[in-house]
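Asks: Pasting in a structure now, in structure tokens, and then I'll have a few things to ask.
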Amino acid sequence: MIGVNDIKNGMTLIIEGNIYQVLEFLHVKPGKGSAFMKTKLKNMRTGGIVEKTFNTNIKFEKANITRSNVQYLYNTGDIYYFMNMETYEQFELPEAQVGENKNYLIENATVDVVFYESELLGIVLPEKMEFTVVQTEPAVKGNTTNNAQKDAYTETGLLVRVPLFIEQGEKILVTTKDGKYSSRA
């Protein structure tokens, strides 16, 4: 059991039968009354984010989450298929569980799947991924304003703002956390 004072960012807890990942926490000691903990939690099953406040005397059960490195294979409709490269075991995830991560999935890309016991909770993308620019406007000569950018579309349909010198067919690195251009690949 974990006390409220032992909570850290990234920790996974079982609260009211649900599995939550701690995104943020703040220990508050008001002038009057007892201390409490404000938290921002992500439901690992639904992806929803909730804010909860707890008294300092409450204890939680730690959820033992395991990750497995897998390769994205393909999708049919709203079902996404992944394969563990060591055991060749295949996993299916519905689009609801993949969520916005679908814009980053390229065939043969390596991602992590997250399990709680034998329950498949979702996927975790690498920090940066490589994409090919399939559509962008050519740079306009004379447009030399600071940090000038243009729209570019990747092979997954992801829209990324890139510098003017990026051309169609180039490979770029995109940060998966916010979907922003990082550098040329």
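Going by our numbering, the sequence shown opens with residue 1, and the numbers climb by one from there. Just so it is clear, CB atoms sit at the ideal spot from N, CA and C, and this is done for glycine as well. Just so we're clear, the structure is a prediction, and the values are computed from it rather than from any experiment.
Out of K102, A63 and I19, point me to the one whose CA is closest to F82's CA.
Replies: Closest option to F82, Cα to Cα, is K102.
Asks: Enumerate, from N- to C-terminal direction, the unbroken beta strand (DSSP E) stretches of 3 or more residues contained entirely within the region 77-150.
Replies: Whole beta strand (DSSP E) segments, 3+ residues: 79-84, 90-94, 110-116, 119-124 and 128-136.
Asks: Under three-state DSSP, which class holds N9?
Replies: If DSSP states are grouped into helix, strand and coil, N9 belongs with coil.
Asks: DSSP has R184 in a bridge; who is on the other side?
Replies: Per DSSP, I172.
Asks: Decide if the region 84-91 is in contact with the region 64-74; the criterion is three or more beta carbon pairs, one per stretch, under 8 Å apart.
Replies: Short answer: they touch.
Asks: For E51, tell me which candidate among G77, V22 and N64 has the shortest Cα-Cα distance.
Replies: Ranking G77, V22 and N64 by Cα distance to E51 puts V22 first.
Asks: Report the option in I58, F131 and E92 whose CA atom is closest to the CA atom of V174.
Replies: With distances taken between Cα atoms, V174 lies closest to F131.
Asks: If you drop the 5 nearest sequence neighbours on each side, which residues of the same chain put their C-beta closer than 6 Å to that of F54?
Replies: If we look at F54 and ignore the five residues flanking it on each side, its Cβ neighbours are V4 and M37.
Asks: Where do the ends of the beta strand (DSSP E) carrying T39 lie?
Replies: From DSSP, the beta strand (DSSP E) with T39 extends over F36 to N43.
Asks: Just mark T136 as buried or exposed, buried being the case when its beta carbon has 16 or more other beta carbons within 10 Å.
Replies: Under this definition T136 is a buried residue.
Asks: Who are the Cβ neighbours of S183 in its own chain at under 8 Å, not counting the five residues just before and after it?
Replies: Around S183: I172 and L173.
Asks: Assign Y104 to one of two classes, buried (16 or more other C-beta atoms within 10 Å of its C-beta) or exposed (fewer than that).
Replies: By the neighbour-count rule (16 or more Cβ atoms within 10 Å), Y104 is buried.
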